[in-house]
Each structure stands twice: as structure tokens, then as C-alpha cells.
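Here the structure is laid out as C-alpha cells; the discussion comes afterwards.
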Amino acid sequence: QEAYFGFIKDLEDALVVCKACNAGFLPTVRKRLSQKEKDNIRSGSVFVWGEDIGVSVWRDRKLWTSSLKREEASTSYEVEAK
């Protein structure tokens, strides 16, 4: 389930979403997504998960940049198909 649907403008926006998840106001990913769940991902879907579920690499059949670790968050961006 998405934690948030919309545009994350910057690290501050991302931290607001992450803190809301940590406080229980928004849902977090608790397990690896099923294929059906992966197929339903759309532009604007935001997922948040903790290190405790063992997901270190996001896999959903889309192309992503390498994970960029900055301050308190890691981010990746979808690469458009050529």
C-alpha cells in the first residue's frame, strides 16, 4: 500500500512523509510487494519501509537510478525507457 500519492519536492517533503509513517499516521510496506501490487504502481506512488523487512533494493520491473543516500533518506528516480 502506498504511504502517499503525490509529488515529493525535496528532502523536507520526504522527511514529513517518513515521520508520518513512523508515527503511524501513514502506512508502511511490511513485506515485499506481490506482482499485482507492483503492477498497480503509478507515477506519484510513494512507498516507505524500514530496514527491518529486509528490502534493500526496490524491484518492480521499472528502471531506477542507483540509490542516492543523502542525510536521512535514500532516494531513487525512475529512468524513462528510450
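Under full-length UniProt numbering, the first residue of the sequence shown is numbered 1, with each subsequent residue one higher. Note that CB positions come from ideal geometry on N, CA and C, so glycine has one too.
Pop quiz: residue i and residue j are said to be a contact at Cβ under 8 Å. What is the actual Cβ separation, rounded to whole angstroms?
i          : j          : result
residue 28 : residue 49 : 6 Å
residue 80 : residue 64 : Not a contact, Cβ separation roughly 11 Å.
Taking the continuous alpha helix (DSSP H) assigned at residue i, which residues delimit it?
i          : result
residue 39 : 35-39
residue 12 : 11-22
Short check: CB of residue i to CB of residue j, under 8 Å?
i          : j          : result
residue 4  : residue 46 : yes
residue 11 : residue 20 : no
Taking residue i as the reference, give the member of the options with the closest Cα.
i          : options    : result
residue 34 : 68, 12, 60 : 60
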